[in-house]
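What follows is a set of notes on a single structure, which appears directly below.
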Amino acid sequence: MAAALDAHAVPGRDLAALTVGESARVVAVDGDGALVIRLGEMGFVAGTAVRLVKVAPLGDPLQFSLRGYHISLRRAEAARVRIA
Amino acid sequence: MSAQAPKTSRLVALAGNPNVGKTSLFNLLTHSRHRVGNYAGVTVERLEGDVAAEFTPAVPITIVDLPGCYSLTTTSSDEAVAHDLLVGAAGRTAAAIVVVVDATNLSRNLYFVLQLRELGTPMVVALNMSDAARSLGMPADPDRLAAALGVPVVATSGRSGDGLPALVAAIAALPETCAPSLVAVPAGTDDTRHISAQVLAEALAALGGDDARSRWLVCTAVATAGEVPGATAAEQSALETLGPHRMGRAATALIALRYAEVDRVLGGVRGDDGGAARRDDDAPALAASDRIDAVLTHRLWGLLAFGLVMGLVFTAVFTGAQPFMDAIEAAMGWLSASIADALGPGLLTDLVTEGIIAGAGNVIVFVPQIAMLFLFLGMLEDTGYLARAAFLMDRLMSRLGLHGRAFIPLLSAYACAVPSILGTRAISSFKDRLVTILMIPYMSCSARLPIYSLVIGALFVTDADTVGANVQRAGILLGMYVLSTCSALAVGFVAKRTLLRSPTPPLVLELPPYRLPRLRNTALTVYDRTMDFVRNAGTIIVAMTIVLWALLSFPRDATGAGGEGPTDIGASYAGRAAQTLEPGLAPIGQDWRMGIGIIGSFAAREVLVGTLGLVYGMEAQDDDPVPLREAIRADVDPQTGAPRHTPLSGLALMVFFVYACQCMSTLAVTRRETGSWGWTVFMFVSMTSIAYLAALLVFQGGRALGFG
Chain X
1 MAAALDAHAV
11 PGRDLAALTV
21 GESARVVAVD
31 GDGALVIRLG
41 EMGFVAGTAV
51 RLVKVAPLGD
61 PLQFSLRGYH
71 ISLRRAEAAR
81 VRIA
Chain Y
85 MSAQAPKTSR
95 LVALAGNPNV
105 GKTSLFNLLT
115 HSRHRVGNYA
125 GVTVERLEGD
135 VAAEFTPAVP
145 ITIVDLPGCY
155 SLTTTSSDEA
165 VAHDLLVGAA
175 GRTAAAIVVV
185 VDATNLSRNL
195 YFVLQLRELG
205 TPMVVALNMS
215 DAARSLGMPA
225 DPDRLAAALG
235 VPVVATSGRS
245 GDGLPALVAA
255 IAALPETCAP
265 SLVAVPAGTD
275 DTRHISAQVL
285 AEALAALGGD
295 DARSRWLVCT
305 AVATAGEVPG
315 ATAAEQSALE
325 TLGPHRMGRA
335 ATALIALRYA
345 EVDRVLGGVR
355 GDDGGAARRD
365 DDAPALAASD
375 RIDAVLTHRL
385 WGLLAFGLVM
395 GLVFTAVFTG
405 AQPFMDAIEA
415 AMGWLSASIA
425 DALGPGLLTD
435 LVTEGIIAGA
445 GNVIVFVPQI
455 AMLFLFLGML
465 EDTGYLARAA
475 FLMDRLMSRL
485 GLHGRAFIPL
495 LSAYACAVPS
505 ILGTRAISSF
515 KDRLVTILMI
525 PYMSCSARLP
535 IYSLVIGALF
545 VTDADTVGAN
555 VQRAGILLGM
565 YVLSTCSALA
575 VGFVAKRTLL
585 RSPTPPLVLE
595 LPPYRLPRLR
605 NTALTVYDRT
615 MDFVRNAGTI
625 IVAMTIVLWA
635 LLSFPRDATG
645 AGGEGPTDIG
655 ASYAGRAAQT
665 LEPGLAPIGQ
675 DWRMGIGIIG
685 SFAAREVLVG
695 TLGLVYGMEA
705 QDDDPVPLRE
715 AIRADVDPQT
725 GAPRHTPLSG
735 LALMVFFVYA
745 CQCMSTLAVT
755 RRETGSWGWT
765 VFMFVSMTSI
775 AYLAALLVFQ
785 GGRALGFG
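Heads up: the sequence lines are chains X and Y, in that order.
Note that the working numbering has the first sequence beginning at 1, numbered continuously upward.
Note that the working numbering has the second sequence beginning at 85, numbered continuously upward.
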């Protein structure tokens, strides 16, 4: 739990840095282009709670839970989602 | 499959997110009687059907099934199709929308509903899986949802069919027109969100006012980095003036406003049913799936289970289809023999038996494999496992620059390229789909096995059944499979970085709840895809079979085709061509006899065995190649007395067949799936060139090293 508390103090944390089972709230999706729109429309908007459920057996991609469903993103895409 | 829709029928678009049971509802409403709809400029085929009479619709209703999508913002061809059909850019405009939502996952599904509501098209919400939502302790009351959304809501079940008559009645009762309902853009600049809202308001004003069109332009312009398909010159110049930074902020603000409205609507619907006690990153609908995933996406068990499932799919396509294929071949053989008996020997008999019936056989023989692959793909998709398969394999496929969804088509290509190429439709990016299609024919399919075994048996290993001989046989065979696999991966790697350069597609993949498969839906898909192959690729395959037959039979006075004895195909046009081309075949260690075999086996690789039998004057069919092996082994050059075929020339021949696109059916489905002769010709020319060069390298390199 200490790690989770520290995390709130660290600016610039992203979804790829979550540990399994840890939850955080979205601040923004960085960058521009299709991915920002797609992630936004899948529910990654400011204030949304997202939990890391699992890491795929080969280390990538990641499985997240948000808005009542599960979604898989690669680390590279998850790193675009800033959290607090 | 059925007659055209009545002229007066009302065109209703069936929309919804993927995995919400939309297809089940479509099949129930139309009694599974559907046809391919005709829409201008729509590249992805859409099915449409009339609402069945048992629902006694007050007016005739035709339903068009839109691609499942999460939004109308155009990020792939699926959303483009949905958008075009809804706004009338495809020639016909939907008069109403039925949007199917998953009651167990409203907080994401309602986003799409709000976006559709902006269009101002009369709309009904089908609240599907409401029984499942109730048993999960998250009941959604249709009346409250209807009040909060301002559109009619009907609870439905795609499993039991409950609620369908009410849904049809609600569609019939919809008004002709309805006012668009836009999520309001707040005024004011008092916090960061509102500053973005102001940017949004300015962008919408610059695009001609706040309506569904302007809102679609804002998001699509950001998604496509500027160039919006179908935008007018005025719209395009407004987008350019606004610039990517402000557009990005406007789009983000719009999406956030819609989701804020989703939360407001849900707050009114859930009431005091205990939803407040739930953590908002919980997914109750996935609680059971999580327990299954504890095994199926487990670090060790998950990979083992994946191997098992893939083994099952592969065995089904590779060997499970075999008895059916044998039966088809036997039936075709019987048909040919009966017709030959009835007509007596003659050219017409040959045309019918060796051209038309053989051609039809070449088409139908693929049906079992296609049906098997789509049966498994359909069930895996329905259960939700296909998404897990992509989740497990994405790491490997993304190294190549491809999506995890490309894995299964590539794997099944070891059995047969034809169903595999048809199976690439699950890959949404056209470029990536094309890369996968170009890779597939390099995988060593089952039709290459008879060639490997003929050559290995004739030139490498005697027919002795000793352990040593079997190990040597297996070693050479394994070498061919390793070569083909590495080549396919290399082709993908190169194509993705040169001709078809595009970034690795992002993985934004929903992992839906596991559900029992709907055999009825899967069976319909299997039927549609198989018939599509027979109708579209079949014509090309039959035509090419007849052309090949003619090349191997004419000129008739020289070959004696249609006469009593075996056809002397050495004297045919194909035979003469092979003899003319012999100077080109010698450097790869082959003579004109193999040249005819190569030409003849363009029908299908395994035909090489039968064609060579004819070359060596054997009337016998390709059932027993032992005499053929002996004939090849014993074939010597009369002048020098040296054997014409050596282990080295045999190796060159096998390598040639690893690479050469000796399969007209593969080319026919490539033409069908890419919609382009250009890519089809590219596939054939590049594969044949690589095959020749590789065989040349093997034969000349081997000779330089002192072999053969």
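Note that CB positions come from ideal geometry on N, CA and C, so glycine has one too.
For this session: Spell out whether any CB of chain Y is found under 9 Å from the CB atom of Ser65(X).
Result: Reading the first sequence from its first residue, position 65 is the one you call residue 65(X). Yes, contact with chain Y.
Exercise. Taking C-alpha atoms, which residue in Ile145(Y), Thr304(Y), Val120(Y), Cys570(Y) lies nearest to Thr336(Y)?
Worked result: On the second sequence, residue 336(Y) is found 252 positions in, with the first residue counted as 1. Cα-wise, what sits closest to Thr336(Y) is Thr304(Y).
For this session: Report the neighbours of Tyr498(Y) on chain X: residues whose CB is nearer than 8 Å to its CB, in chain order.
Result: Mapped onto the second sequence, residue 498(Y) falls at position 414. Correct list: empty, because the minimum Cβ distance to chain X is about 22 Å.
Exercise. Val539(Y) by DSSP, collapsed to three states: which one?
Worked result: Here residue 539(Y) is taken as the residue at index 455 of the second sequence, counted from 1. The answer is helix: DSSP assigns Val539(Y) an H, G or I state.
Exercise. Using a Cβ-Cβ distance under 9 Å, would Cys303(Y) count as near chain A?
Worked result: This model lacks chain A altogether, as its protein chains are X and Y.
Problem set entry | Backbone CA spacing between Glu666(Y) and Asp675(Y) [nearest angstrom] | Taking the first residue of the second sequence as position 1, residue 666(Y) is located at position 582. Taking the first residue of the second sequence as position 1, residue 675(Y) is located at position 591. Going from the Cα of Glu666(Y) to the Cα of Asp675(Y) covers about 6 Å.
Exercise. Name the chain Y residues that come within less than 7 Å of Asp32(X), Cβ to Cβ?
Worked result: Translated into positions along the first sequence, residue 32(X) becomes position 32. Under the 7 Å cutoff, chain Y gives Val306, Pro328, Gly332.
For this session: Would you grab the beta carbon distance between Asp721(Y) and His729(Y) for me? Rounded to a whole angstrom, and I think it's under 8 Å.
Result: Taking the second sequence and counting its residues from 1, one reaches residue 721(Y) at position 637. Taking the second sequence and counting its residues from 1, one reaches residue 729(Y) at position 645. Going by Cβ atoms, the distance from Asp721(Y) to His729(Y) rounds to 10 Å, so no, they are not a contact pair.
Problem set entry | Leu593(Y): contacting residues in chain X (beta-carbon distance under 9 Å) | Reading the second sequence from its first residue, position 509 is the one you call residue 593(Y). Those are Pro61, Ile71, Ser72, Leu73, listed as they occur along chain X.
Exercise. In chain order, what residues of the same chain have a beta carbon less than 6 Å from the beta carbon of Val148(Y), not counting five sequence neighbours either side?
Worked result: Mapped onto the second sequence, residue 148(Y) falls at position 64. Contacts found: Ala97, Gly121, Arg130, Glu132.
Exercise. Cβ atoms of Leu573(Y) and Leu484(Y): under 9 Å apart, would you say?
Worked result: The residue labelled residue 484(Y) in the question sits at position 400 within the second sequence. The residue labelled residue 573(Y) in the question sits at position 489 within the second sequence. Yes; because the gap between Cβ atoms is below 9 Å, this pair is in contact.
For this session: Using alpha carbons as the reference points, say which of Thr758(Y), Leu635(Y), Leu595(Y) lies closest to Ile29(Y).
Result: Outside the displayed span of chain Y (85 to 792) sits residue 29(Y), for which this structure offers no information.
Exercise. So which residues of chain X does Phe475(Y) contact, with C-beta pairs closer than 8 Å?
Worked result: Within the second sequence, numbered from 1, the residue matching residue 475(Y) stands at position 391. Ordered by position in chain X, the residues that pass the 8 Å Cβ test against Phe475(Y) are Ala56, Pro61, Gln63, Ser72.
For this session: Could you check what DSSP says for Ala497(Y) in three-state terms: helix, strand or coil?
Result: Working through the second sequence from its first residue, we reach residue 497(Y) at position 413. Correct three-state label for Ala497(Y): coil.
Exercise. Can you find a C-beta in chain X that's less than 9 Å from the C-beta of Ala361(Y)?
Worked result: Taking the second sequence and counting its residues from 1, one reaches residue 361(Y) at position 277. At Ala361(Y) the pLDDT is 48, less than 50, meaning the model places this residue with poor confidence; the figure from the coordinates comes in the next sentence. So no, Ala361(Y) is outside the interface.
Exercise. Which residues in the same chain as Met42(X) place their Cβ atom closer than 7 Å to its Cβ, once the five residues preceding and following it in sequence are excluded?
Worked result: As a working note, residue 42(X) is residue 42 in the first sequence. Around Met42(X): Ile71.
For this session: Identify the contact partners of Val45(X) in chain Y, using a Cβ-Cβ distance below 7 Å as the criterion.
Result: Along the first sequence, one-based indexing puts residue 45(X) at 45. By Cβ distance, chain Y contributes Ile339, Ala340, Tyr343.
Exercise. Taking just the CA atoms, how far does Val27(X) sit from Gly759(Y)?
Worked result: Residue mapping note: residue 759(Y) aligns to position 675 of the second sequence, counting from 1. Residue mapping note: residue 27(X) aligns to position 27 of the first sequence, counting from 1. Computed Cα separation, rounded: 44 Å.
For this session: Please list, in chain order, all residues of the same chain as Gly359(Y) whose beta carbon is under 6 Å from its beta carbon, the five residues on each side excluded.
Result: Translated into the one-based positions of the second sequence, residue 359(Y) becomes position 275. Residue placement at Gly359(Y) is poorly supported in this model, since its pLDDT is 45, which falls under 50; the coordinates still yield a value, given next. Closer than 6 Å at Cβ, skipping near neighbours: no residue.
Exercise. Within 9 Å (strictly less), CB to CB, does Ala49(X) reach chain Y?
Worked result: As a position in the first sequence, residue 49(X) is number 49, starting the count at 1. With 9 Å as the cut-off, Ala49(X) counts as an interface residue toward chain Y.
For this session: Check the Cβ-Cβ distances between Pro601(Y) and every residue of chain X, and say whether any is below 9 Å.
Result: On the second sequence, residue 601(Y) is found 517 positions in, with the first residue counted as 1. False, the Cβ-Cβ gap to chain X never drops below 9 Å.
Exercise. When we look at the beta-carbon of Trp761(Y) and count the other beta-carbons within 10 Å, is it buried (16 or more) or exposed?
Worked result: Within the second sequence, numbered from 1, the residue matching residue 761(Y) stands at position 677. Exposed.
Problem set entry | Beta carbon proximity, Ile83(X) to chain Y, threshold 9 Å | Against the first sequence, residue 83(X) aligns to sequence position 83. Taking Cβ atoms only, chain Y never reaches closer than 9 Å to Ile83(X), which makes this a no.
Problem set entry | Local conformation of Lys327(Y) per DSSP, three classes | Here the question's residue 327(Y) lines up with position 243 in the second sequence. First, the amino acid is wrong: residue 327(Y) is Gly here, not Lys. Reduced to three states, the DSSP call for Gly327(Y) is helix.
For this session: Provide the residue span of the alpha helix (DSSP H) that contains Asp215(Y), from first to last.
Result: Counting from one through the second sequence, the residue named residue 215(Y) turns up at place 131. That run of the alpha helix (DSSP H) goes 214 to 219.
Problem set entry | Cross-chain neighbours of Gly21(X) in chain Y, by beta carbon under 9 Å | As a working mapping, residue 21(X) is identified with position 21 in the first sequence. Chain Y residues near Gly21(X): none, gap ~11 Å exceeds 9 Å.
For this session: Consider the Cβ of Gly790(Y): report whether some Cβ of chain X lies at a distance smaller than 9 Å.
Result: The sequence position of residue 790(Y) within the second sequence is 706, counting from 1. By this cut-off, Gly790(Y) is not an interface position.
For this session: Measure the alpha-carbon distance for Val566(Y) versus Gly310(Y) and round it to whole angstroms.
Result: Here residue 566(Y) is taken as the residue at index 482 of the second sequence, counted from 1. Here residue 310(Y) is taken as the residue at index 226 of the second sequence, counted from 1. If I take the Cα positions, the gap works out to 44 Å.
Exercise. Taking 9 Å as the CB-CB limit, is Arg38(X) close to chain Y?
Worked result: For the purposes of this step, residue 38(X) is identified with residue 38 of the first sequence, where counting begins at 1. Chain Y contact via Cβ: present.
Exercise. Where does Pro727(Y) sit, in a helix, a strand or coil, going by DSSP?
Worked result: Here residue 727(Y) corresponds to residue number 643 of the second sequence, with the count starting at 1. In this structure, Pro727(Y) counts as strand in the three-state DSSP scheme.
Problem set entry | contact_flag[the region 184 to 198 of chain Y, the region 321 to 335 of chain Y] where n(CB pairs < 8 Å) is 3 or more | no
Exercise. Are any of the Cβ atoms in chain Y nearer than 9 Å to that of Leu35(X)?
Worked result: Translated into positions along the first sequence, residue 35(X) becomes position 35. For Leu35(X), the answer is yes, since a Cβ of chain Y falls inside 9 Å of its Cβ.
For this session: Just tell me which of Ala322(Y), Ala281(Y), Met738(Y), Leu431(Y) has its CA closest to the CA of Ala268(Y).
Result: Walking along the second sequence from the start, residue 268(Y) turns up at place 184. Taking only the C-alpha atoms, the option nearest Ala268(Y) is Ala281(Y).
Exercise. List, in order along the chain, the chain Y residues whose C-beta lies closer than 8 Å to that of Gly12(X)?
Worked result: Taking the first residue of the first sequence as position 1, residue 12(X) is located at position 12. Within 8 Å Cβ-Cβ: nothing; Gly12(X) doesn't reach chain Y, min ~17 Å.
Problem set entry | Endpoints, the beta strand (DSSP E) within which Asp246(Y) is located | Taking the first residue of the second sequence as 1, we reach residue 246(Y) at position 162. Careful: Asp246(Y) lies outside any beta strand (DSSP E) and carries neither H nor E.
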